[in-house]
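*Asks:* Please read through the structure below; I'll follow up with questions.
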Amino acid sequence: MGMPVSVLLRGPGAQDSAAQVAVAAVYDELREVDATFSTWRADSAVSRLRRGEVDLDDCLPEVREVAALCEQARERTGGAFDARSPDGTWDPSGLVKGWAAERAARHLAALPGPDWCLNAGGDVVLDCPSGEGLGVGVQDPTDPGAVVAVLSRRTGAVATSGTSARGQHLWDPRTGQSADAVVSVTVVGPSLLWADVWATACCVRGDLDLLSDGVEGLLLAVDGSRTSSPGWQALLG
732 MGMPVSVLLR
742 GPGAQDSAAQ
752 VAVAAVYDEL
762 REVDATFSTW
772 RADSAVSRLR
782 RGEVDLDDCL
792 PEVREVAALC
802 EQARERTGGA
812 FDARSPDGTW
822 DPSGLVKGWA
832 AERAARHLAA
842 LPGPDWCLNA
852 GGDVVLDCPS
862 GEGLGVGVQD
872 PTDPGAVVAV
882 LSRRTGAVAT
892 SGTSARGQHL
902 WDPRTGQSAD
912 AVVSVTVVGP
922 SLLWADVWAT
932 ACCVRGDLDL
942 LSDGVEGLLL
952 AVDGSRTSSP
962 GWQALLG
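Just so we're aligned, residue 732 is where the sequence shown starts under our numbering, counting upward by one.
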């Protein structure tokens, strides 16, 4: 999927053969997702769909599921998240990463004992049955070797979107212009898929107004200012 992926297991059963099978299944599933959704692979379902060689109805159920989720995300964000690119082509990459990681994490969640954490390109989904939290760092967008915050999490998801990691790559679907007022937004919530969507949409909008109860965020603007949601401070480790 063009991003680093790592798995952490901790506690009872973390070294068992069942855990090894689960970790292998995570990577296998992510490879399958890449084969289906990559916009760089000419033979992927998404590439064929974009070229008009197939219709959505001809695609796998997973592709239709993602298409429906992309439309739901567009509606829930008032158009601040849109899988349609400026040139009119369909690019679900902004939703697929969180969706795929969340799906793959089910293999870890099925293990009976260990705490687990799946990190997909800096976005994290985790669960700690032991009750002992994990520290999740929020990278400083101006210094990749530093963090601006460390979150203490026992369950849920953390997603970051912005313009720092790969250069300017966000645009405002409502205007067709680049969204460049925000360096990054980090969102914490129960779902990685939706945390990623909210993070992208908040970057585009330049505020955290979309965040609902149970979802917190930190916005770092290009002028150096920081804005956080009311419950953000309580998440810090």
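Virtual Cβ for every residue (Gly too), placed ideally from N, Cα, C. Being a predicted model, the structure only gives us computed values, none of them experimental.
Less than 8 Å between the C-beta atoms of leucine 787 and alanine 798, yes or no?
*Replies:* Against a cut-off of 8 Å, the Cβ pair of alanine 798 and leucine 787 comes out as a contact.
*Asks:* Assuming valine 953 contacts valine 914 (C-beta within less than 8 Å), just tell me the rounded distance between them.
*Replies:* About 6 Å separates the two Cβ atoms, so the contact holds.
*Asks:* For proline 961, tell me which candidate among Trp847, Gly742, Gly825 and Asp944 has the shortest Cα-Cα distance.
*Replies:* The shortest C-alpha separation from proline 961 is found at Asp944.
*Asks:* With tryptophan 929 as the anchor, note down where its alpha helix (DSSP H) starts and where it stops.
*Replies:* Counting along the chain, the alpha helix (DSSP H) containing tryptophan 929 begins and ends at 923-936.
*Asks:* Could you pull out every residue in the same chain whose Cβ sits closer than 8 Å to the Cβ of alanine 750, ignoring the five residues on either side in sequence?
*Replies:* Closer than 8 Å at Cβ, skipping near neighbours: Leu740, Gly744, Leu842 and Pro845.
*Asks:* Helix, strand or coil for arginine 782? Go by DSSP, reduced to three states.
*Replies:* Here arginine 782 sits in coil by DSSP.
*Asks:* Given tryptophan 830, which residues of its chain have a CB within under 7 Å of its CB, disregarding the five upstream and five downstream residues?
*Replies:* Excluding positions up to five away in sequence, the list reads Val797, Leu800 and Leu924.
*Asks:* Hey, could you find the ends of the alpha helix (DSSP H) serine 748 is sitting in?
*Replies:* Serine 748 -> alpha helix (DSSP H) spans 748-768.
*Asks:* Determine the DSSP secondary structure at leucine 849, reduced to helix, strand or coil.
*Replies:* If DSSP states are grouped into helix, strand and coil, leucine 849 belongs with the strands.
*Asks:* Could you spell out the range, first to last residue, of the alpha helix (DSSP H) harbouring arginine 834?
*Replies:* Element bounds for arginine 834: 824-835.
*Asks:* For arginine 884 and valine 869, which I take to be in contact (beta-carbon distance under 8 Å), what is that distance rounded to the nearest angstrom?
*Replies:* Arginine 884 to valine 869, Cβ: 11 Å. No contact.
*Asks:* Give a yes or no on contact between the stretch 850-866 and the stretch 876-893, applying the rule of three or more CB pairs nearer than 8 Å.
*Replies:* At 8 Å Cβ cutoff, the stretches touch.
*Asks:* Which class does valine 867 belong to by DSSP, given the choice of helix, strand or coil?
*Replies:* Reduced to three states, the DSSP call for valine 867 is strand.
*Asks:* Between which residues of its own chain and proline 823 is the CB-CB distance below 6 Å, once the five residues before and five after are set aside?
*Replies:* Correct list, in chain order: Val797, Cys801 and Ala814.
*Asks:* Under the rule that 16 or more other beta-carbon atoms within 10 Å means buried, what is valine 752, buried or exposed?
*Replies:* Exposed, because fewer than 16 other Cβ atoms sit within 10 Å of the Cβ of valine 752.
*Asks:* Please say whether glycine 810 and proline 872 have beta carbons closer to each other than 8 Å?
*Replies:* Contact flag unset, no.
*Asks:* Does DSSP put proline 860 in a helix, in a strand, or in coil?
*Replies:* Correct three-state label for proline 860: coil.
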